[in-house]
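A.B. asks: Provided herewith is a single structure, encoded as C-alpha cells, for subsequent inquiry.
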Amino acid sequence: MKFLVTGGAGFIGGNFIHYMVNKYPEDTIVNLDKLTYAGNLETCKPVEDKPNYKFYKGDIADRAFIFDLFEKERFDIVVNFAAESHVDRSIEDPEIFVKTNVLGTTTLLDACVKYGIQRYHQVSTDEVYGDLPLDRPDLFFTETTPLHTSSPYSSAKAAADLFVLAYHRTYGLPVTISRCSNNYGPYHFPEKLIPLMISRALANESLPVYGDGANVRDWLHVYDHCTAIDLIIRQGKNGEVYNVGGHNERSNLEVVKTILKALNKPESLIRFVEDRKGHDRRYAIDPTKLETELGWKPKYTFDTGIQQTIQWYLENKEWWQNILSGEYQDYFDKMYAKKIDG
Ligand code: NAD
Ligand code: TYD
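In terms of UniProt numbering, the sequence shown has 50 at position 50, counting the first letter as 1, and numbering is strictly consecutive.
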C-alpha cells in the first residue's frame with residue numbers, strides 16, 4: 001500500500017514516519033511537508049535512505065501542487081498531520097491556522113474524492129472539546145462531547161474535523177478521525193511545554209509557567225499515539241471518531257517539577273508569568289471506545305514516558321540545540337518579552 005503522510009517533518013508526523021517505515025517495509029511511505037519553522041528534515045534523517053520512504057516539500061493548501069501529486073503517486077491511504085499546532089502562535093496570528101488547518105484539509109479531501117483513496121485519516125486533538133472544570137475529576141471527553149473550542153488553533157482543528165465528517169456523509173469518502181490528548185516524546189519542538197522546560201532547565205534558564213500552573217493536561221507518549229493511529233487506519237470503522245489518551249493527567253506545575261527533579265535542578269528556576277489568553281483549564285480523555293472496540297493499550301505511563309523523553313533530550317542535544325540557535329530564538333524573545341524577566 002502507498003501512504004501519504006503530511007506533516008512528517010514535524011513532531012508527531014516524524015515519529016509516525018519512523019514507526020511506519022520500519023514496521024511495514026512492504027508499504028511505501030510518502031512524506032509531504034511544507035517545512036515551516038516546525039518542520040525539520042533532521043527528524044527524518046533516520047529513515048531518509050530507506051527504499052520505502054520518499055519526501056516531497058509542498059503545501060497541503062496548494063491545490064495545483066496537491067492534485068499533481070495525487071495524479072503522480074496514486075495514494076491508497078492519506079494520514080493528515082500537517083497543521084499549525086501551537087496555541088500561543090494562534091493567539092498572535094490566527095490566519096495561517098485557517099489556511100493550513102482548514103483550507104489545507106479541504107484541499108486534501110477534494111483530492112481524495114477525485115482520486116478515490118481507501119481511507120483518509122485526520123489527526124485531530126482533544127482541544128476541539130474545549131476544557132473541563134478543575135473541580136470535576138469525574139468528567140472526561142468522550143467522542144460525543146460537543147465541540148466547544150477556546151483558541152484559534154482548536155477552532156481551526158474543529159472546523160477541519162467537521163469538513164472531514166461532511167465529506168464522508170456527502171461524498172461517501174472513507175474517513176476516520178483520532179482526537180488525542182497532549183503528546184510528548186522525542187523530536188518535540190522546544191516551544192511546547194515539556195521540551196521547552198527540559199531545554200531551559202539544562203541551560204539553567206528560568207522556566208515560564210503560565211498563571212498559577214494549576215492547569216491540567218492529559219499526557220500521552222507519542223509512540224502510543226502512533227500505535228493508535230496505525231490501529232484506527234487498519235481496523236477503525238469508516239466514518240468514526242476515536243479518542244486517544246492514557247489517563248495521565250498532571251498539572252503543569254507537577255510536570256515542571258518532575259522535569260526539574262529528574263535533571264537535579266532547583267525549583268527556584270520556576271517563574272510564574274502572565275497567563276495565556278483563554279487558557280483551557282483541564283483536558284481529560286476517555287479512551288474506552290478505542291480500548292474496547294480496537295483493543296488499543298498504551299505502552300508508557302507518564303512516569304516511564306517522561307524519563308525516556310528526558311533521556312532522549314540528553315542524548316540528542318544537537319537536534320534541539322540547532323533549533324534553539326536559529327530563528328526560533330527571535331520568537332522566544334518576542335513572545336516571552338513581556339512575560340519573563342530573565
Ligand atoms: P508540529 O507543529 O510539530 O508539526 C507540524 C508539521 O506540519 C511541520 O513539519 C510543518 O512543517 C508541517 N506543516 C505546517 N503547515 C503545512 C502545510 N501547509 N503543508 C504541509 N506541511 C505543513 O505539530 P505536531 O505536534 O507534530 O502535531 C501534528 C498533528 O497532530 C497536528 O495536526 C496537531 O493538531 C495534532 N495533535 C497534536 C498534539 C500535540 O500534543 N502535539 C496532540 C493531538 C493532536
Ligand atoms: P502547550 O505545550 O503549548 O500545549 P497545549 O496548549 O496545546 O496544551 O502547553 C501545555 C500547557 O503548558 C498549557 O496549559 C500551557 C502551559 N505552558 C506554560 O505554562 N508555559 C509555557 O511556556 C508553555 C509553552 C506552555
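Cβ coordinates follow ideal geometry from the N, Cα and C atoms, glycine included.
Among the residues of its own chain, which have a CB less than 8 Å from the CB of residue 74, if the five just before and after it don't count?
C.D. replies: Here the set comprises 2 and 115.
A.B. asks: Count the other CB atoms within 10 Å of the CB of residue 333; is the residue buried (16 or more) or exposed (fewer)?
C.D. replies: With fewer than 16 Cβ atoms within 10 Å of its Cβ, residue 333 is classed as exposed.
A.B. asks: Determine the burial state of residue 203: buried for a count of at least 16 other Cβ atoms within 10 Å of its Cβ, exposed for fewer.
C.D. replies: Answer is exposed; the Cβ neighbour count stays below 16.
A.B. asks: From residue 195 to residue 150, what distance separates their C-alpha atoms?
C.D. replies: Each residue's alpha carbon lies about 24 Å from the other.
A.B. asks: In chain order, what are the residue ranges of uninterrupted beta strand (DSSP E) at least 3 long that sit wholly in the region 299 to 340?
C.D. replies: For the region 299 to 340, not a single whole beta strand (DSSP E) run of length 3 or above is found.
A.B. asks: In the DSSP assignment, find the unbroken beta strand (DSSP E) run with residue 174 in it and report its ends.
C.D. replies: Neither: residue 174 is in no beta strand (DSSP E) and is coded neither H nor E.
A.B. asks: Among residues of its own chain, excluding the 5 on either side of residue 221, which ones have a beta-carbon nearer than 6 Å to its beta-carbon?
C.D. replies: Excluding sequence neighbours, residue 221 sits near 185, 300 and 305.
A.B. asks: May I have the straight-line CA-CA distance separating residue 227 from residue 268, to the nearest angstrom?
C.D. replies: Rounded to whole angstroms, residue 227 to residue 268 spans 38 Å at the Cα level.
A.B. asks: Residue 183: beta carbon under 7 Å from a heavy atom of the ligand NAD?
C.D. replies: Yes, the ligand NAD has a heavy atom inside 7 Å of this Cβ.
A.B. asks: Taking 8 Å as the limit between beta carbons, can you name the residues of its chain near residue 209, skipping five residues before and five after?
C.D. replies: These residues qualify, in order along the chain: 252, 253, 256, 270, 271, 272 and 273.
A.B. asks: Expressed to the nearest angstrom, what Euclidean distance is found between the alpha-carbon atoms of residue 132 and residue 249?
C.D. replies: C-alpha separation (whole angstroms): 12 Å.
A.B. asks: Anyone know if the C-beta pair for residue 125 and residue 179 falls short of 8 Å?
C.D. replies: Taking 8 Å as the Cβ cut-off, residue 125 and residue 179 qualify as a contacting pair.
A.B. asks: Could you tell me whether the region 24 to 39 touches the region 3 to 12, where touching means 3 or more Cβ pairs closer than 8 Å?
C.D. replies: With the cut-off at 8 Å, the region 24 to 39 and the region 3 to 12 touch.
A.B. asks: Judging by CA-CA distance, which residue of 225, 262, 239 and 311 is the nearest neighbour of residue 296?
C.D. replies: The shortest Cα separation from residue 296 among 225, 262, 239 and 311 belongs to 225.
A.B. asks: Quick check: what's the CA-CA separation for residue 315 versus residue 108?
C.D. replies: Spanning the two alpha carbons is a distance of roughly 37 Å.
A.B. asks: My parser needs the alpha helix (DSSP H) runs of 4 or more residues fully inside the region 31 to 63; what are they?
C.D. replies: Runs of the alpha helix (DSSP H) inside the region 31 to 63: none found.
A.B. asks: Return the bridge partner residues of residue 208 from the DSSP annotation.
C.D. replies: Bridge partners of residue 208: 271.
A.B. asks: Using 8 Å as the threshold, is the region 20 to 27 in touch with the region 93 to 107, meaning 3 or more CB pairs across them?
C.D. replies: Contact between the region 20 to 27 and the region 93 to 107 is absent, because fewer than three Cβ pairs lie under 8 Å.
A.B. asks: Quick check on the burial criterion: 16 or more other C-beta atoms within 10 angstroms. Buried or exposed for residue 43?
C.D. replies: Result: buried.
A.B. asks: Using the three-state DSSP reduction, which class does residue 18 fall into: helix, strand or coil?
C.D. replies: Three-state result, residue 18: helix.
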